[in-house]
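Engineer: Heads up, the sequence shown is in our numbering, so the first residue is 766 and it goes up one at a time.
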Amino acid sequence: MQSKNIGILENEKELVMQALSDTQCFAAIYDHYYPRIYNYIRLRVNCNTVEDLVSQVFEKALSKLEQYSPQKGEFSIWLFTIAVNTVRDHLRAQKRCVFELTATIEEMAEAHEPDIEERVLRNETDMKLLDALKRLSIREQNIIALKFWWNLTNRRIAQMMALDDNNVAVILFRALKRLRKILTDKHRA
766 MQSKNIGILE
776 NEKELVMQAL
786 SDTQCFAAIY
796 DHYYPRIYNY
806 IRLRVNCNTV
816 EDLVSQVFEK
826 ALSKLEQYSP
836 QKGEFSIWLF
846 TIAVNTVRDH
856 LRAQKRCVFE
866 LTATIEEMAE
876 AHEPDIEERV
886 LRNETDMKLL
896 DALKRLSIRE
906 QNIIALKFWW
916 NLTNRRIAQM
926 MALDDNNVAV
936 ILFRALKRLR
946 KILTDKHRA
């Protein structure tokens, strides 16, 4: 999986301020952040509900836009916090908090069109990784997703999750160590 840079939208502050009085200005914000929000949610819930939850995130963001304060942090952090809370609420409503990676290997393979042998090997490797990730705690899974799929710094992760920078680093280190052990033990079996 390729990680994507969370890049700040050029003239974002101005767009946010304009969107307060003209919702059409929110379209540029939506277009910029939609792929990132979509991918984050897709990694956590059943594929049938991804579009609905993404819509909820942007509806909440637009309806609560006046509550956003640039002095408290970047817009991307505020928006991502809404996404995290939306997913958490959805999973609670489902009475389960399971990290479900629903991106299929076929989707990824079609994009790169590797030969069949390479697809089979990648599928097997990805399935092992997904199974291993599911054995980590929700917090560990979220930190790994933020670090490697969203390409965020430990400081940004700490801000989003109300943790200390060092705490994020320790959790990440331990989670990766556990992940490595899980994968190594599976490889030996």
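Note that CB positions come from ideal geometry on N, CA and C, so glycine has one too.
In chain order, what residues of the same chain lie with their CB nearer than 7 Å to the CB of residue 922, ignoring the 5 residues before and after it?
Structural biologist: For residue 922, where only same-chain residues beyond five positions count, the Cβ hits under 7 Å are 908, 911, 912 and 933.
Engineer: Would you report the Cα separation of residue 937 and residue 853, rounded to the nearest angstrom?
Structural biologist: Answer to the nearest angstrom: the Cα atoms are 20 Å apart.
Engineer: Let me make sure I understand the geometry here. Which of 935, 827 and 812 has the alpha-carbon closest to that of residue 789?
Structural biologist: For residue 789, the nearest C-alpha among the options comes from 827.
Engineer: Relative to the C-alpha of residue 925, which candidate in 778, 795 and 849 has its C-alpha closest?
Structural biologist: Taking only the C-alpha atoms, the option nearest residue 925 is 849.
Engineer: Starting from residue 810, trace the alpha helix (DSSP H) in both directions and tell me its first and last residue.
Structural biologist: Residue 810 -> no alpha helix (DSSP H), and no H or E assigned at all.
Engineer: For residue 783, which of 831, 916 and 799 has the nearest alpha-carbon?
Structural biologist: Measuring from the Cα of residue 783, the nearest candidate turns out to be 831.
Engineer: Is residue 940 buried or exposed, if buried means 16 or more other CB atoms sit within 10 Å of its CB?
Structural biologist: Buried, because 16 or more other Cβ atoms sit within 10 Å of the Cβ of residue 940.
Engineer: What's the C-alpha gap between residue 855 and residue 900?
Structural biologist: Approximately 20 Å, taken between the alpha carbons.
Engineer: Going by beta-carbon coordinates alone, are residue 802 and residue 781 separated by less than 8 Å?
Structural biologist: Going by C-beta atoms, residue 802 is not nearer than 8 Å to residue 781.
Engineer: In the region 808-852, which residue ranges form an unbroken alpha helix (DSSP H) of at least 4 residues, counting only runs that do not cross its ends?
Structural biologist: You should have 815-828.
Engineer: Among 918, 903 and 787, which one has its Cα closest to the Cα of residue 857?
Structural biologist: When only C-alpha atoms are compared, the closest one is 903.
Engineer: Whole angstroms are fine: how far does the CA of residue 889 sit from the CA of residue 837?
Structural biologist: Cα-Cα distance, rounded: 44 Å.
Engineer: Of the residues 817, 795, 813 and 808, which one's Cα is nearest the Cα of residue 844?
Structural biologist: Closest option to residue 844, Cα to Cα, is 795.
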